[in-house]
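Q: Residue numbers (the numbering used here): 31 to 352.
Backbone N, C-alpha and C define an ideal beta-carbon position, used for all residues, glycine too.
Computed from a prediction, not measured in an experiment: that's the story for all the values here.
Input: one structure, supplied below.
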Ligand SMILES: Nc1nc2c(ncn2[C@@H]2O[C@H](COP(=O)(O)OP(=O)(O)OP(=O)(O)O)[C@@H](O)[C@H]2O)c(=O)[nH]1
């Protein structure tokens, strides 16, 4: 199919939701869909940590992936976001942009940033997708704020991981979500296997931006205050050598409450495959061989609150093969 031509402002999609709910999985499906229709897709990621983990995954099929620094749009990266959108629109001639919010970026702040006068000439907020999974909604801290705002602001509420269905439990999950946002379209699926054409088709009634309240911009000295209560701790651990499989498996079982999310790429000693590690609520870890176009940095990113960063960095490094 031929290439799309760019008409300003180009559509802008936000993909938000809970930590580990399947946002990147949905992103891959959206990219496949847009690519097959000749779009030049610009992807923005705001991952936590200095090294991108989701970027290399999306990079296998996206036209252009830009990483926003720092993971948390609420604090430092609003200008960075505007600048990245300008770069995608002007330099890369993207015809559609999708922003995957890390489980730590407050969607309220993201909406605020993309509806800015300067940005809205280049890109127009089209739709907000919230990816959710059936784990209890966090009660406090950044995870709570981010998940709640993702639900409240979404046009489409995608309840993912239907394969983890437990009678009663799933229904309760759905009820909690629809109570927070009775306007959004509801989808129930697993591995983000939904009909992308239908998802992207305009809903009968538009909810954006009627259920969005725009926050006023905080002054620089207020921002520091604003980040304190929910700002996550992110530890990026570079792995200079392969890991010892047995030690690493033990390590994954010993992770403390405070670590809510971890992910990364590495190899095990004596095994040729590149491995992708994922740890997500409720305390589930997966390790699976992956194929990527480019060799990613071997790192593990730990995300959470109130855990001992030095201790967990050291204990991970103790798993390096001798
Ligand atoms: N059982 C099950 N696992 C799933 C499903 N969808 C995604 N996963 C797995 O859940 C893990 C997290 O998925 P991602 O797509 O990386 O989630 P994410 O929301 O992008 O995670 P963040 O990095 O926190 O932004 C991966 O190991 C996926 O393979 C599903 O429907 N069922």
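Using 7 Å as the cut-off, classify the Cβ of residue 321 as near or not near the heavy atoms of ligand 1, replying yes or no.
A: By one-based count along the chain shown, residue 321 stands at place 291. Not under cutoff, so the answer is no.
Q: How should residue 158 be labelled, buried or exposed, when 16 other C-beta atoms within 10 angstroms of its C-beta is the threshold for buried?
A: Start at 1 with the first residue of the chain shown, and residue 158 comes out as number 128. Label assigned to residue 158: buried.
Q: Any chance the CB of residue 316 is under 7 Å from a heavy atom of ligand 1?
A: By 1-based counting over the chain shown, the position of residue 316 is 286. Yes, ligand 1 has a heavy atom inside 7 Å of this Cβ.
Q: How many Å lie between residue 282 and residue 271 at the Cα?
A: Within the chain shown, the letter at position 252 stands for residue 282. Within the chain shown, the letter at position 241 stands for residue 271. One C-alpha to the other measures close to 18 Å.
Q: Should residue 76 and residue 132 be called a contact, given that it needs their Cβ atoms to be closer than 8 Å?
A: Your numbering for residue 76 matches position 46 in the chain shown. Your numbering for residue 132 matches position 102 in the chain shown. Cβ distance < 8 Å, so residue 76 and residue 132 count as in contact.
Q: Which residue's Cα is closest to the Cα of residue 130: 173, 44 and 52?
A: The count along the chain shown starts at 1 and reaches residue 130 at position 100. The residue from 173, 44 and 52 with its alpha-carbon nearest to that of residue 130 is 44.
Q: By the 10 Å Cβ neighbour count, where 16 or more other Cβ atoms means buried, how is residue 68 classified, buried or exposed?
A: The sequence position of residue 68 within the chain shown is 38, counting from 1. Result: exposed.
Q: With residue 150 and residue 39 assumed to form a contact (beta carbons below 8 Å), what rounded beta-carbon distance in angstroms separates them?
A: Start at 1 with the first residue of the chain shown, and residue 150 comes out as number 120. Start at 1 with the first residue of the chain shown, and residue 39 comes out as number 9. Rounded to the nearest angstrom, the Cβ distance from residue 150 to residue 39 is 6 Å, consistent with a contact under 8 Å.
Q: Got a sec? Which residues, its chain only, sit under 8 Å from residue 94 by beta carbon, not counting five neighbours each side?
A: Taking the first residue of the chain shown as position 1, residue 94 is located at position 64. The residues are 70, 71, 72, 73, 118, 122 and 124.
Q: So residue 166 packs on residue 194, CB below 8 Å; how close in whole Å?
A: As a first step, residue 166 is located in the chain shown; it is residue number 136 there, counting from the start. As a first step, residue 194 is located in the chain shown; it is residue number 164 there, counting from the start. Residue 166 to residue 194, Cβ: 13 Å. No contact.
Q: Spell out the partners DSSP gives residue 273 in its beta bridges.
A: As a working mapping, residue 273 is identified with position 243 in the chain shown. DSSP output for residue 273 lists 298 and 350 as bridge partner(s).
Q: Grab me the residues of residue 215's own chain with a C-beta within less than 8 Å of its C-beta, minus the 5 sequence neighbours each way, in chain order.
A: Taking the first residue of the chain shown as 1, we reach residue 215 at position 185. The answer, listed in chain order, is 185, 186, 187 and 233.
Q: So is residue 300 buried or exposed if we call it buried at 16+ other beta carbons inside 10 Å?
A: Locating residue 300 in the chain shown gives position 270, counting from the first residue. Classification of residue 300: exposed, given that the 10 Å Cβ count is below 16.
Q: Would you mind stating whether residue 353 and residue 183 have Cβ atoms separated by less than 8 Å?
A: A question about residue 353 goes unanswered here, because the residues of the chain that appear run from 31 up to 352.
Q: Going by the CB atoms, is the gap between residue 328 and residue 268 shorter than 8 Å?
A: Position 238 of the chain shown, counted from the start, is the residue given in the question as residue 268. Position 298 of the chain shown, counted from the start, is the residue given in the question as residue 328. Yes, the pair counts as a contact, with Cβ atoms nearer than the cut-off.
Q: May I ask you to report which of helix, strand or coil DSSP gives residue 65?
A: Reading the chain shown from its first residue, position 35 is the one you call residue 65. It is helical.
Q: In the DSSP output, which residue or residues are listed as bridge partners for residue 43?
A: Position 13 of the chain shown, counted from the first residue, corresponds to residue 43. Residue 43 is bridged to 128 and 157.
Q: Please report the distance separating the alpha-carbon of residue 190 from that of residue 156.
A: Numbered from its first residue, the chain shown carries residue 190 at position 160. Numbered from its first residue, the chain shown carries residue 156 at position 126. Using only the alpha carbons, I get a separation of about 22 Å.
Q: Fully enclosed by the region 308-351, which alpha helix (DSSP H) runs are 4 residues long or longer?
A: 339-347
Q: Which value, in whole angstroms, describes the spacing of the CA atoms of residue 304 and residue 320?
A: In the chain shown, the residue the question calls residue 304 occupies position 274. In the chain shown, the residue the question calls residue 320 occupies position 290. If you take the alpha carbons of residue 304 and residue 320, they lie about 6 Å apart.
Q: Checking the sheet assignment: what are the DSSP bridge partners for residue 266?
A: What you label residue 266 is simply residue 236 of the chain shown in a count that begins at 1. Note: residue 266 sits in a beta bridge opposite 331.
Q: Does the Cβ of residue 285 have 16 or more other Cβ atoms within 10 Å, making it buried, or fewer, making it exposed?
A: The residue given as residue 285 occupies position 255 in the chain shown. Answer is buried; the Cβ neighbour count reaches 16.
Q: Mind checking whether the beta-carbon of residue 327 lies closer than 7 Å to any heavy atom of ligand 1?
A: The count along the chain shown starts at 1 and reaches residue 327 at position 297. No.
Q: Beta-carbon separation of residue 211 and residue 192 under 8 Å?
A: As a working mapping, residue 211 is identified with position 181 in the chain shown. As a working mapping, residue 192 is identified with position 162 in the chain shown. Cβ distance not < 8 Å, so residue 211 and residue 192 don't count as in contact.
Q: Is any non-hydrogen atom of ligand 1 found closer than 7 Å to the C-beta of residue 194, if you look at the structure I gave you?
A: Translated into positions along the chain shown, residue 194 becomes position 164. Yes - ligand 1 has a heavy atom lying nearer than 7 Å to the Cβ of residue 194.
Q: Quick check: does the Cβ of residue 54 come within less than 7 Å of any heavy atom belonging to ligand 1?
A: The residue given as residue 54 occupies position 24 in the chain shown. Yes; taking the cut-off as 7 Å, the Cβ of residue 54 has a heavy atom of ligand 1 nearer than that.
Q: Between residue 298 and the rest of its own chain, which residues show a CB-CB distance below 7 Å, the 5 nearest in sequence each way excluded?
A: The residue given as residue 298 occupies position 268 in the chain shown. Answer for residue 298: 272, 273, 275 and 305, listed in chain order.
Q: Near residue 52, what residues of its chain come up, given a Cβ to Cβ distance below 6 Å and the 5 sequence neighbours on each side ignored?
A: Position 22 of the chain shown holds residue 52. Here the set comprises 161, 190 and 222.
Q: According to DSSP, simplified to helix, strand and coil, what is residue 191?
A: Numbered from 1 along the chain shown, position 161 holds the residue referred to as residue 191. It is coil, neither helix nor strand.
Q: Could you pull out every residue in the same chain whose Cβ sits closer than 8 Å to the Cβ of residue 199, ignoring the five residues on either side in sequence?
A: Taking the chain shown and counting its residues from 1, one reaches residue 199 at position 169. Excluding positions up to five away in sequence, the list reads 164.
Q: Let's test the definition: count the other Cβ atoms within 10 Å of the Cβ of residue 349 and tell me whether it reaches 16, buried, or not, exposed.
A: Stepping through the chain shown from its first residue, residue 349 is reached at position 319. Its Cβ being crowded by 16 or more others within 10 Å, residue 349 is buried.
Q: In three-state DSSP terms, what is residue 70?
A: The sequence position of residue 70 within the chain shown is 40, counting from 1. In this structure, residue 70 counts as coil in the three-state DSSP scheme.
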